[in-house]
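Read through the structure below, which is laid out as structure tokens, and then see the notes.
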Amino acid sequence: MIILAKLRLILVTALNLLDSIAMARPGSEHPTNLELEILKVLWEEAPLPVREVRARLESQAQRPLAHSSVITMLNIMYDKGFLYRKKVGKSFHFSPRVRKDQIAGGIIDDLLSRLFDGSPSAMMLNLLENKEVDADELTELRKLITRKTREQEK
């Protein structure tokens, strides 16, 4: 599973690079880097109030974040359909509306289409040639490929 996490990180990084290169681009259906960080916090534990989301983000980033900026981002993510929002007393609590595998799948599909002409093997070859992959990860990949091959033969 470590290889899958690395692959997702590579894919997100590549998508962000592609986004930054584009002169003018329409709004993305994929979360931005900060939105992904917020989703990671909420995938770990939810629902959370704004102050708790902010505290966890600050802990990870090791830099202060304005409370109003975090509220703004959470509300934007709510408007985009990434989050649920529930009023609890005087504050709002947020939880993810999308699953991690949904986001990862969408980003991977987009990267596969945009950068590798829809070829999963080209994408995997690029990963294997450009990243250190230890023997355990290669064994895990072989098992996943074998399992997928058997599923398709049924």
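In terms of mature numbering (1 follows the signal peptide of the UniProt record, and there is no 0), the sequence shown is residues -24 to -1, 1 to 130. Glycine is no exception: its CB is placed at the ideal position from the N, C-alpha and C atoms.
>> Give me the residue from Asn102, Ala37, Arg39 with the minimum Cα distance to Leu87.
In response: Asn102
> What whole-angstrom Cβ distance do Val26 and Phe68 have, given they're in contact under 8 Å?
Replying inline: Yes, Val26 and Phe68 are in contact; Cβ-Cβ is about 7 Å, under 8 Å.
>> In whole angstroms, give me the CA-to-CA distance for Val46 and Lys130.
In response: 49 Å
>> Pull the bridge partners of Phe70 from the DSSP assignment, please.
In response: Leu24, Arg61
> Leaving out five residues before and five after Arg61 in sequence, what residues of the same chain have Cβ atoms less than 6 Å from its Cβ?
Replying inline: Here the set comprises Tyr54, Phe68, Phe70.
> Smallest Cα separation from Asn9: which of Asp110, Ile79, Asp93, Pro96?
Replying inline: Ile79
>> His6 and Gly82 - do their beta-carbons sit closer together than 8 Å?
In response: In this structure, the beta-carbon distance from Gly82 to His6 falls below 8 Å.
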